[in-house]
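Going by the working numbering, the sequence shown opens with residue -8, and the numbers climb by one from there.
Shown next, in structure tokens, is the structure this report addresses.
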Amino acid sequence: MGVGQLLSGSGVVGARSSRPLRRSRCGLIIGPCLIELYLIAPRRIAVGNNEWQRRIDRAEEMASRYASAAEILRFYAAVARFQAELYREIEGSAWVGKAASGSNPFTLSLDRGVVGSLRQFLPVVGRSGPLKLQDAARELGARDEQSHLNLLSTFWEDDGNAAPSETNDFFARAYLQPYAVGIRARAKMRWNGPTAFVCPFCKRKPGLGVLRPLGEGGQRSLICSFCLGEWEFRRIVCPACGEEDPLKLPVYAAEELQHVRVEACDSCKSYIKTVDLTKSALGEPVVDEMASVALDLWAQSRGYAKLQVNLLQL
Ligand SMILES: [Zn+2]
Ligand SMILES: [Zn+2]
């Protein structure tokens, strides 16, 4: 019995596909995967260092279990180890403190000191990244500090919406993420305002959703694709266009990773993946979202576009 049947009890629309090796936008190999998907009938229901370590542990553990995403997860673990170290170094820094103390903590321009450790990140990507990113790391290594500052500032000041190249987006997003997390944490930012379609802290798009146990069901939140901030979001609303008709918001899940679901919108043809922690208490949302790359391939083959690619450009 598929997860769709388990949840809905009827109305199963299945799709079964066996896909060959694929390459992501950054050249990561996505292994062969056999997935079965079911339409789940719409239901009318409603940081710190430990965080990095939990993600690293989860990525390594899942890499050993899910061959289709093993390369992706091992590379993510290497990136997250660098991020954890960088976070330790910068969380108490003067620049983070200055940014966090402003009235809008994410508007302070990057200063030259922020660029300092980018050179140490390049070998991490050079050792364990896909070929396309290895080449980009070598090319970046040959550039000077001002060029690095320009690359990072372009991403920082454009709110990530200016469609930079995939490799520039990867390096800037991955390297600056610990700064963004640090600023949000240090500023003790909380959100109790109205439904926010972009991150209420750094104004980037959500990268994924999460369902956390609440009473008999789950409370839906969105997680920022950059600062990893989390905010509550109504369960039956498209985070791209605001569609609220449950019949236009199909939800799909697969046998292999039953706690990760594709939440699609037939109005704007976008989708976001949500990690259901009511089904898997051990899940780490950011990691599990990456591990379920087979769902992305399936959703995109059905004509849906991802609201926001993840850190690895998937
Ligand atoms: Zn954010
Ligand atoms: Zn929509």
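A virtual CB, placed ideally from N, CA and C, is assigned to each residue, including glycine.
No experiment lies behind these values; they were computed from the predicted model shown.
Hey, would you say V201 sits closer than 8 angstroms to P276, going by beta carbons? Yes. Within cutoff.
Alpha carbons only, please: which of Q299, Y166 and D279 is nearest the one belonging to F112? Residue Y166 is the option with its Cα nearest to F112.
Work out the CA separation of D160 and F146 for me, nearest whole Å. In a straight line, the C-alpha of F146 is about 7 angstroms away from that of D160.
Am I right that P169 and L77 are in contact with their C-beta atoms under 8 angstroms? What's the rounded C-beta distance? The pair is a contact, with the Cβ atoms about 5 angstroms apart (cut-off 8 angstroms).
Would you mind sorting F97 into buried or exposed? The rule is 16 or more other CB atoms within 10 Å of its CB. Buried is the label assigned to F97, since at least 16 other Cβ atoms lie within 10 Å of its Cβ.
Pairwise C-alpha distance: A290 and A231: 16 angstroms
Whole-angstrom distance between G104 and E52, CA atom to CA atom: 35 angstroms
Taking 6 angstroms as the limit, tell me which residues put their C-beta closer than that to any heavy atom of ligand 1, in chain order. C190, F192, C193, R195, C215, F217, C218 and G220
Quick one: which unbroken alpha helix (DSSP H) runs of 4-plus residues sit fully inside the region 59 to 138? Chain order, please. 61 to 81, 85 to 92, 109 to 119 and 122 to 132
Considering only residues of the same chain and omitting the five flanking positions on each side of R293, which have a CB-CB separation below 6 angstroms? none
I227 in three-state terms, based on DSSP: Three-state DSSP puts I227 in coil, outside helix and strand.
Hey, is A231 close to ligand 2, as in C-beta under 7 angstroms from one of its heavy atoms? Flag set: Cβ of A231 near ligand 2.
Determine, using beta-carbon pairs with one atom in the region 133 to 144 and one in the region 55 to 72, whether at least three such pairs fall under 8 angstroms. no
C-beta contact flag for V70 and V106 at 8 angstroms: no
Where the beta strand (DSSP E) containing R252 begins and where it ends: V251 to A255
Does the beta carbon of E76 fall short of 7 angstroms from some heavy atom of ligand 2? Result no, Cβ not under 7 angstroms from ligand 2.
Can you tell me whether E254 sits near ligand 2, meaning its C-beta is under 7 angstroms from at least one heavy atom of the ligand? no
Do the region 171 to 191 and the region 251 to 260 touch if we need at least three Cβ pairs shorter than 8 angstroms? no
Does DSSP put K239 in a helix, in a strand, or in coil? helix
Can you tell me whether E136 is buried or exposed, with buried defined as 16 or more other CB within 10 angstroms of its CB? exposed
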